[in-house]
Amino acid sequence: MKANWEIGVGLFGLILLIWAHYTGLFVAPPEAMMGDVGRILYAHVPTAWVGLSTYLVAFIAAVGAIWSGKWAWDAMVEASVEVGLLLNALLLIQGSLWAKPTWGVYWTWDPRLTTCAIMVVAFGVVLALRRQIEEPMRRLTMSSIATIIAFVNVPIVYLSVKWWRTLHQPYSSPETVDSAMVTPLRVAAFGMLFLATGFVVRRWRQVHRQLKAEVQAPDLPDAPSPLAVED
Amino acid sequence: MTGMIQGGWEFVWAVYGITWAGLFFYALHLFRSERDQ
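Top to bottom, those sequences are chains A and B. Each residue of the first sequence is one higher than the last, beginning at 3 in the working numbering. Each residue of the second sequence is one higher than the last, beginning at -2 in the working numbering.
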């Protein structure tokens, strides 16, 4: 039972997310300028917050993996990058669909959007590296280094709306969001956080099992030497 | 209200539909990986 606590956490997150999305879609008032299109907020902003947090977990795990060489950290790198990439991809799609009715285009090379696109490519490279490298310790080292390099962009994504002139709105906070909208936004954020935690921990268990089996597997016997052909 | 964007529900539904589909298919992927192990 203890080994499955993440299922309970994930299901709790699911319930919170359902409630928050229902409230955001049907109960909360339309946004003052964007009207009903503003309801995308309750899906988009929690995805962004939790996606960036998941990459932070990947960064910590990568440092831990390099520092200790332990497979548990290595498994956490893979699990958190995978879930981070899912949220990152959803974030870009949600953002494009929000941009069309508000900015008139699905995509523009705005600093926030561009850094987000770089983020998905950089962390995609981490997963690609892990698929390519067969030797476990080399894979741990290389993918951890790639994760740390990819993470450099994450604070840039966060701060891009402050550093550069951008179409994207600044940070959302209780001060910038009407009180009627804050509750579903907060609940959606916690729902997404719990659901993502459930995903990461479940995936971590799977990858950790695979890695342990891979490392503990007995060495294969030497391949037979080629037959010598005598004249 | 003056200046408020009218309509756009199709974009809202698309966002929520894709978000839930993405989460559902990832959960399915986890379930299948678990079964294959």
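All C-beta atoms, glycine included, are put in the ideal place defined by N, C-alpha and C.
{"Check": "Mind checking whether A:M144 and A:P48 have CB atoms under 8 Å apart?", "Outcome": "no"}
{"Check": "Identify the residues that DSSP records as bridge partners of A:G37: which are they?", "Outcome": "A:E33"}
{"Check": "Give the secondary structure of A:M3 by DSSP, where H, G and I count as helix, E and B as strand, and everything else as coil.", "Outcome": "Unreliable placement is indicated for A:M3, whose pLDDT of 47 sits below 50; the coordinate value is still reported in the next sentence. In the structure shown, A:M3 sits in coil (DSSP, three-state: anything other than H, G, I, E or B)."}
{"Check": "Go ahead and pull the three-state DSSP assignment for B:M1.", "Outcome": "coil"}
{"Check": "Is A:L161 helix, strand or coil when you go by DSSP?", "Outcome": "helix"}
{"Check": "Using alpha carbons as the reference points, say which of A:V83, A:R167, A:L169 lies closest to A:R132.", "Outcome": "A:V83"}
{"Check": "Indicate whether A:V189 and A:A22 have their beta-carbon atoms separated by less than 8 Å.", "Outcome": "yes"}
{"Check": "At a CB-CB cut-off below 7 Å, which residues of chain A make contact with B:F21?", "Outcome": "What B:F21 touches in chain A: nothing, since even the nearest Cβ is about 10 Å away."}
{"Check": "If you measure beta-carbon to beta-carbon, which residues of the segment 30 to 41 of chain A are closer than 9 Å to chain B?", "Outcome": "P32, E33, A34, M35, M36, G37, D38, V39, G40, R41"}
{"Check": "Taking just the CA atoms, how far does A:A64 sit from B:W17?", "Outcome": "29 Å"}
{"Check": "Evaluate contact between the segment 211 to 220 of chain A and the segment 90 to 101 of chain A, counting only Cβ atoms and requiring at least three cross-stretch pairs below 8 Å.", "Outcome": "no"}
{"Check": "Strictly below 8 Å CB to CB, what residues from chain B border A:T49?", "Outcome": "T16"}
{"Check": "Please report whether the beta-carbon of B:L27 lies at a distance below 8 Å from any beta-carbon of chain A.", "Outcome": "yes"}
{"Check": "Below 9 Å on C-beta distance, what does A:K281 contact in chain B?", "Outcome": "In the structure displayed, chain A extends from 3 to 233; residue 281 of chain A sits before or after that span and is not available."}
{"Check": "Do three or more CB pairs link the segment 29 to 48 of chain A to the segment -2 to 10 of chain B at distances below 8 Å?", "Outcome": "yes"}
{"Check": "Do A:G86 and A:A60 have their C-beta atoms closer together than 8 Å?", "Outcome": "yes"}
{"Check": "So, for A:L169: in the same chain, excluding its five sequence neighbours on each side, which residues have a beta-carbon less than 7 Å away from its beta-carbon?", "Outcome": "W105, T110, D112"}
{"Check": "Determine the direct distance from the alpha carbon of B:S30 to that of A:I9, and round the result to whole angstroms.", "Outcome": "15 Å"}
{"Check": "Would you report the Cα separation of A:L27 and A:N6, rounded to the nearest angstrom?", "Outcome": "32 Å"}
{"Check": "Helix, strand or coil for A:A101, going by three-state DSSP, please let me know.", "Outcome": "helix"}
{"Check": "Can you give the Cα-Cα distance for A:V203 and A:L58, rounded to whole angstroms?", "Outcome": "15 Å"}
{"Check": "Leaving out the 5 sequence neighbours to the left and right, which residues in its chain are closer than 7 Å to A:K102 when beta-carbon positions are compared?", "Outcome": "Y108"}
{"Check": "What is the DSSP secondary structure of A:A124, reduced to helix, strand or coil?", "Outcome": "helix"}
{"Check": "Would you kindly work out how many angstroms separate the C-alpha atoms of B:V12 and A:A67, rounded to a whole number?", "Outcome": "36 Å"}
{"Check": "Measuring straight from C-alpha to C-alpha, what distance separates B:V9 and A:I42?", "Outcome": "6 Å"}
{"Check": "In the segment 33 to 87 of chain A, which residue ranges form an unbroken beta strand (DSSP E) of at least 3 residues, counting only runs that do not cross its ends?", "Outcome": "none"}
{"Check": "Going by other Cβ atoms of all chains shown within 10 Å of its Cβ, with 16 needed for buried, is A:R114 buried or exposed?", "Outcome": "buried"}
{"Check": "For A:Q212, report the span of its alpha helix (DSSP H) as first-last.", "Outcome": "181 to 218"}
{"Check": "Cβ closer than 7 Å: which chain B residues qualify as neighbours of A:I95?", "Outcome": "I15"}
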